[in-house]
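Using the numbering used here, you'd call the opening residue of the sequence shown number 30 and step up by one each time. Backbone N, C-alpha and C define an ideal beta-carbon position, used for all residues, glycine too. A quick write-up on the structure given underneath.
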Amino acid sequence: DWFSSPFTSGRPCSPRNFGHGSLVCECGADYCDTLEPVSLPGMGSFVKYESNKAGRRVERSEGPLLEKPPENGETGSSSSLKTSQKYQKIKGFGGALTDSAAINILNLSPKSQRNLLKSYFSREGIEYTLVRVPMASCDFSVRLYTYADVENDFDLKNFSLTDEDIKMKVDISGRPLMHPQAVASRPLLLYASPWTSPVWMKTNGAMTGRGTLKGQPGDRYHKTWANYFIRFLDEYAKYNLTFWAITAGNEPTAGDIIFYPFQCLGFSPEHQRDFIAEDLGPALANSTYKGIELIILDDQRVMLPYWAEVVLKDPKAAQYINGIGIHWYLDFLAPIDLTLSMTHHLFPNYYLISTEASTGSYFWEPRVVLGGWDRGSKYSHSILTNLNDYVTGWTDWNLVLDMEGGPNWSKNYVDSPVIVDKEKDVFYKQPMFYHMAHFSKFLPEGTQRIEIQKSSSCSLEFSAFLRPDGSAAVVVLNRSPNDIPFGISDPGVGYIDAIATADSIQTYLWQRPSEE
30 DWFSSPFTSG RPCSPRNFGH GSLVCECGAD YCDTLEPVSL PGMGSFVKYE SNKAGRRVER
90 SEGPLLEKPP ENGETGSSSS LKTSQKYQKI KGFGGALTDS AAINILNLSP KSQRNLLKSY
150 FSREGIEYTL VRVPMASCDF SVRLYTYADV ENDFDLKNFS LTDEDIKMKV DISGRPLMHP
210 QAVASRPLLL YASPWTSPVW MKTNGAMTGR GTLKGQPGDR YHKTWANYFI RFLDEYAKYN
270 LTFWAITAGN EPTAGDIIFY PFQCLGFSPE HQRDFIAEDL GPALANSTYK GIELIILDDQ
330 RVMLPYWAEV VLKDPKAAQY INGIGIHWYL DFLAPIDLTL SMTHHLFPNY YLISTEASTG
390 SYFWEPRVVL GGWDRGSKYS HSILTNLNDY VTGWTDWNLV LDMEGGPNWS KNYVDSPVIV
450 DKEKDVFYKQ PMFYHMAHFS KFLPEGTQRI EIQKSSSCSL EFSAFLRPDG SAAVVVLNRS
510 PNDIPFGISD PGVGYIDAIA TADSIQTYLW QRPSEE
């Protein structure tokens, strides 16, 4: 074994085993594992970061780039980079700052809070950059509210942020000590999604169930709803918080096609198209936020390419739109090539971005599984298949939940990469957290996916990239219970003779000569 002896970068994991197949890393006020900032060896060597079910957590080791595959090597399958074949550029990776997430962060002591935020956002953490912020309440709130609950307030005279915004989200975002941006190594890209309008604007007069906006696009209900987005941005701007993007609405098919048990606002694609063309697009364009990006769909990919065709083939609506957001819950119904790839090829000027995913959401599953390796593998499998089909970024759902998978007014608890036990003032970093690390830490904004060709017999999952500094990155996922030998060839640069250990994820990085 020619690998130099692996050393865990930074402070090692403090492991806890809850008997679910793998371990979690326990953090509190006085101790939390950290990662060293990413460092590349000189030309002719590569660095590997590995996490696996057996207990490694982003462990760093180095090895030599060989001139060619070893004669006697048992390389099972080889993959070859084709750097001239370039695809989409990466926007980033991250999670959602829901009310529930904020409550759980604030349930920790200040020192533990800081360790949690550093784990997610700092150079000694996994360097998240995307943060999704619900506009008013969602299922992961402890009560139902909007910002304009006064009946028939078409001028939004009574519009105001709530305690949830001021005391929890703005504070976490704005207080110097707790500010993710204060600990963050890279600029944070905030984006907002509304779950529902105020009930007086809705056909069913309720936040939940099946209902949409009253009236027609262009009328005062639709103008007021568009203006509600602007007012939200205004109020957050008072705290020096600016948004990179907004989505036109969370899961518009909920409340349109189906009866939904939590906050929703139904839209058909035609309705969303006309609302953007007549109301939301012009409202943004005529405001101080005309640079903010607008993302449509924000729902299951099974709706593609149909949804995109309806909305984006209308030039009036399309001029205001930048991207298409997807959720992962019904991926099993929707082959990726017939949805994402097809949509990309039909509308190459609009990016695809994954805006929500969580495990433990199906009724037959346990909610929180402390140390569930397979849940991390599900994340990585989704991210790799998404990236290989033109997606530019991937956003997890709640950044933090409690031991039950909440709090949550509607009791639809789920799992999260970080789980807080407030009684003990500790939090547990799940396998999902470290799976996310293999992307978020090593593929910063501006990284570009490139072609990687693998032999047909290979059961490993791969994606390859050129990073902004010109170095190469390959992420390799092994979802099998066996070690798998393989090789990575970068023609003209070198060959990596490697083993993907059982149930593992690895990120390989190496420097390349510049491509002048």
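In the DSSP assignment, S445 falls outside any alpha helix (DSSP H) and carries neither an H nor an E. Leaving aside the five residues that flank G234 on each side, the residues in its chain whose CB is nearer than 8 Å to its CB run, in chain order, V228, G240. For F515, the beta-bridge partners assigned by DSSP are S106, A527. Nearest to Y78 by alpha-carbon distance, out of Y157, G39, T253, is G39. Closest option to Q540, judged by alpha-carbon separation, among R45, E65, G92, R86: G92. In the assembly as shown, N415 is a buried residue. Its beta-carbon has 16 or more other beta-carbons within 10 Å.
Taking C-beta atoms as the reference points, Q348 and S166 fail to come closer than 8 Å.
Burial check for Q114: the Cβ neighbour count within 10 Å stays below 16, so the residue is exposed. In this structure, the alpha-carbon of L506 lies about 11 Å from that of F468. Judged by DSSP in its simplified three-state form, M432 adopts coil rather than helix or strand.
Contact between S108 and F515 holds, with the beta-carbon distance rounding to 7 Å and staying under 8 Å.
For Q482, the uninterrupted beta strand (DSSP E) run begins and ends at 477 to 483, by DSSP. Note on geometry: alpha-carbon atoms of V331 and P70 lie some 43 Å from one another. With contact defined as three or more Cβ pairs closer than 8 Å, the region 60 to 76 and the region 416 to 433 are not in contact. Spanning the alpha carbons of T271 and I305 requires a straight line of approximately 21 Å. Here D444 is not near G521, since their CB atoms are 8 Å or more apart. Residue nearest to K196 within the set Y537, D128, M432 is D128 (criterion: CA-CA distance).
Excluding sequence positions up to five before and after Y380, its CB lies within less than 6 Å of the CB of G352, T421, all in the same chain and listed in chain order. Our two residues, K342 and V449, have alpha carbons roughly 46 Å apart in a direct line. In the DSSP assignment, F261 falls outside any beta strand (DSSP E) and lies within the alpha helix (DSSP H) extending over 249 to 266.
Counting only the Cα atoms, V447 lies some 5 Å from V429. In the DSSP assignment, E338 falls within the alpha helix (DSSP H) that extends over 335 to 341. Counted as a single uninterrupted DSSP element, the beta strand (DSSP E) harbouring G121 occupies residues 121 to 125.
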